[in-house]
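Student: Here's a structure for you.
Number of protein chains: 2
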Amino acid sequence: MEGRSAEISKAAFLRFPVYLRYLKAEEAAGVEYVSSSEIAEDMHLSAVCVRKDLALVASEPGKPRLGFAVKKLICDLERTLGYHRKTHACVVGAGRLGRAFLVYEGFEHYGIDVVAAFDISPAQVGALSGKPIYPMERLKEIAEREEVRLGILTVPGDAAQAACDAMVEAGITAILSFAPAYVRVPEGVTLRCEDLAASLASLISEAEENN
Amino acid sequence: MEGRSAEISKAAFLRFPVYLRYLKAEEAAGVEYVSSSEIAEDMHLSAVCVRKDLALVASEPGKPRLGFAVKKLICDLERTLGYHRKTHACVVGAGRLGRAFLVYEGFEHYGIDVVAAFDISPAQVGALSGKPIYPMERLKEIAEREEVRLGILTVPGDAAQAACDAMVEAGITAILSFAPAYVRVPEGVTLRCEDLAASLASLISEAEENN
DNA sequence: CTCGAATCGATATTTTTTTATCGATTTCTA
DNA sequence: TAGAAATCGATAAAAAAATATCGATTCGAG
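Chain order of the listed sequences is X and Z.
Just so we're aligned, residue 1 is where the first sequence starts under the working numbering, counting upward by one.
Just so we're aligned, residue 1001 is where the second sequence starts under the working numbering, counting upward by one.
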């Protein structure tokens, strides 16, 4: 789209948010310049890897002996990651996890606005911290009206496929699923599954290897 | 540790939980045998990749013309992923997200037992669905008593480092952090950061590329 | 003002991961 | 019972990613 994006490797793209976090911590500590080697040491990466990654995003080259300007780098990373554009999102499944997402304020900095939640149970319908919770029947109507393109799926496993189908039907093109189930989506819809339990389990394996 | 584990590539290990999900769905649908090519097509992977992955975990070779026995494969995957052993976990930060983890029942199948939550605010102390919520001061005492090795960090960003330090001090060796902050851990402690907002944002980028 | 130390960025190499090719095996059908 | 179809598993090739090496640049100390 912007010419350069295709050149950024998938693995590097996953590291960008981590750099961003790190840099914001440095900025808060009053640091103005930071070098690849410093970042590498703190983040347990190779210095060359960091330099290559930063070269992909930095709008101006790093200065020898000094490194990169922290503030500038933060802007570049946020732009590359697309945090400047606004996207409307909704939560499907207003259980504990879904409600946590609905009211979480951290999404704003990432250009994401969670506008509503939906649930099949009338008991959940209402509002939370000013965010509305609608019955599932109104998903399509509201998603279209609010131009919701992103959906967060937090329903029980056995309801996942049906809920997912409803989201697709409502015009949602990107779905982040926390439902413990295998779901299918048609071509043109991007699905990512975050299996929190599996993620935890793999973390244990990793920790055991590290001893 | 078990001789073979070192040969399993990191990328493959990340695919295993997805296979497991898929296979369980197939099992539920009454399927007995499944071939690499079928899995590949459904999961949008290459058939060769699937075969190589399955060869890493399968205790018995697949049968030509039939494929792999679904039930057997599920067992093999669960064993490889370590879902058979029990690990005690705790939640640090009993906000909405933390409480969702505390009562989530899906961890059991993965060998994880969330035994308690901790929070700095006395208002949160109590219990939820039979799971106790203790004040932070008791973290070390209880973590040691219950042999908690895994911690789920769900505190606000500005409290993350302090909470993390307390977890390390309490003998926790693996930490899954959802706190929106960059935290440091000493050598020997495994940290994984799940940035939900960043994950969502990257999903948007991915979806836009797919158009 | 000059020298030295430390960083950057580019090129090259190694390692890892994914994909392709091919013969062997086995089940199903005729 | 015999042949065809489709899968497996192993070896080989290609692609991707991480790591190493080296000259060029520039800030800061003397």
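C-beta atoms are modelled at their ideal positions from N, C-alpha and C, and glycine is treated no differently.
Using a Cβ cut-off of 8 Å, pull out every chain X residue sitting near Z/Leu1200, in sequence order please.
Tutor: The answer, in chain order, is Ala89, Phe107, Tyr110, Ile112, Leu150, Ile152 and Leu176.
Student: Between X/Val183 and X/Ala160, is the Cβ-Cβ spacing less than 8 Å?
Tutor: Yes; because the gap between Cβ atoms is below 8 Å, this pair is in contact.
Student: In angstroms, rounded to a whole number, what distance separates the CA positions of Z/Pro1156 and Z/Tyr1022?
Tutor: Those two C-alpha atoms are separated by around 35 Å.
Student: Taking the straight line between their C-alpha atoms, what separation do you get for Z/Leu1045 and X/Arg65?
Tutor: Distance between the alpha carbons of Z/Leu1045 and X/Arg65 is about 45 Å.
Student: In three-state terms, what does DSSP make of Z/Tyr1022?
Tutor: Here Z/Tyr1022 sits in helix by DSSP.
Student: I think X/Lys140 touches X/Ala170, with their Cβ atoms under 8 Å apart; what is that distance to the nearest whole Å?
Tutor: Confirmed, Cβ separation roughly 4 Å.
Student: Just the chain X side, please: which residues come within less than 8 Å of Z/Leu1081 by C-beta, in chain order?
Tutor: Within 8 Å Cβ-Cβ: Ala198, Ala201, Ser202 and Ser205.
Student: Tell me the DSSP secondary structure of X/Glu7 in three-state form.
Tutor: X/Glu7: helix per DSSP, three-state reduction.
Student: Using the Cα positions of X/Gly3 and X/Ala55, report the straight-line distance between them to the nearest angstrom.
Tutor: Caution is warranted here: a pLDDT of 35 is assigned to X/Gly3, below 50, making its placement in the model unreliable, and the coordinate value is therefore given only provisionally. One C-alpha to the other measures close to 15 Å.
Student: Using alpha carbons as the reference points, say which of Z/Leu1081, Z/Ser1202 and Z/Val1070 lies closest to Z/Lys1010.
Tutor: Cα-wise, what sits closest to Z/Lys1010 is Z/Leu1081.
Student: Among X/Ile133, X/Ile112 and X/Glu194, which has the Cα closest to the Cα of X/Ala179?
Tutor: Closest by alpha carbon: X/Glu194.
Student: Could you check the C-alpha separation between Z/Pro1132 and Z/Gly1126 for me, to the nearest Å?
Tutor: Approximately 6 Å between the Cα atoms of the pair.
Student: Less than 8 Å between CB atoms is the rule here; does X/Leu97 satisfy it with respect to chain Z?
Tutor: X/Leu97 counts as touching chain Z.
Student: Looking at Z/Leu1200 and X/Phe68, is the spacing between their C-beta atoms short of 8 Å?
Tutor: No, the Cβ-Cβ distance between X/Phe68 and Z/Leu1200 is not below 8 Å.
Student: Contact defined as beta carbons within less than 8 Å: I believe X/Asp76 pairs with X/Arg15. What is the distance between those atoms, to the nearest angstrom?
Tutor: So it is not a contact: roughly 14 Å between Cβ atoms.
Student: X/Gly151 lies in the beta strand (DSSP E); which residues open and close that run?
Tutor: Looking at the DSSP string, the run of the beta strand (DSSP E) that includes X/Gly151 is Val148 to Leu153.
Student: What are the partner residues of X/Ala117, as DSSP defines its beta bridges?
Tutor: Beta-bridge pairing links X/Ala117 to X/Val91 and X/Ile133.
Student: Just to confirm the assignment: which complete beta strand (DSSP E) runs, minimum length 3, are found wholly within the segment 48-96 of chain X?
Tutor: Correct list: 87-92.
Student: Assuming Z/Val1070 and Z/Tyr1033 form a contact by the criterion Cβ under 8 Å, report the distance between their Cβ atoms to the nearest whole angstrom.
Tutor: Indeed they touch by this definition, with Cβ atoms about 7 Å apart.
Student: Helix, strand or coil: which one does DSSP assign to X/Tyr216?
Tutor: There is no way to answer for residue 216 of chain X, as the model of chain X reaches only from 1 to 211.
Student: Can you give me the C-alpha to C-alpha distance between X/Leu153 and Z/Glu1206, rounded to a whole angstrom?
Tutor: The straight-line gap from Cα to Cα measures roughly 17 Å.
Student: By DSSP's criteria, X/Leu139 is part of a beta bridge. Which residues make up the other side?
Tutor: None, per the DSSP bridge assignment.
Student: Is it the case that the Cβ atoms of X/Val148 and X/Ala94 are separated by a distance below 8 Å?
Tutor: No, these two residues do not count as a Cβ contact at 8 Å.
Student: What residues match up with X/Cys193 in a beta bridge as DSSP calls it?
Tutor: For X/Cys193, which the question treats as bridged, DSSP gives the partners X/Ser177.
Student: For Z/Glu1187 and Z/Ala1181, I'd like the C-alpha separation in whole angstroms.
Tutor: The straight-line gap from Cα to Cα measures roughly 19 Å.
Student: I'd like to confirm the pairing. Which residues does DSSP put opposite Z/Ile1112 in its beta bridges?
Tutor: According to DSSP, Z/Ile1112 bridges with Z/Thr1087.
Student: Anything in the segment 11-36 of chain X with a Cβ closer than 9 Å to a Cβ of chain Z? List those residues in chain order, please.
Tutor: Taking 9 Å as the Cβ-Cβ cut-off against chain Z, the residues of the segment 11-36 of chain X that qualify are Phe13, Leu14, Phe16, Pro17, Val18, Leu20, Arg21, Tyr22, Leu23, Lys24, Ala25 and Glu26.
Student: Is X/Ala127 helix, strand or coil by DSSP?
Tutor: X/Ala127: strand per DSSP, three-state reduction.
Student: Using a Cβ-Cβ distance under 8 Å, would X/Val103 count as near chain Z?
Tutor: Chain Z, which has a Cβ nearer than 8 Å to the Cβ of X/Val103, makes this yes.
Student: Need the endpoints of the alpha helix (DSSP H) that Z/Val1168 sits in, please.
Tutor: Unbroken alpha helix (DSSP H) run through Z/Val1168: Ala1160 to Glu1169.
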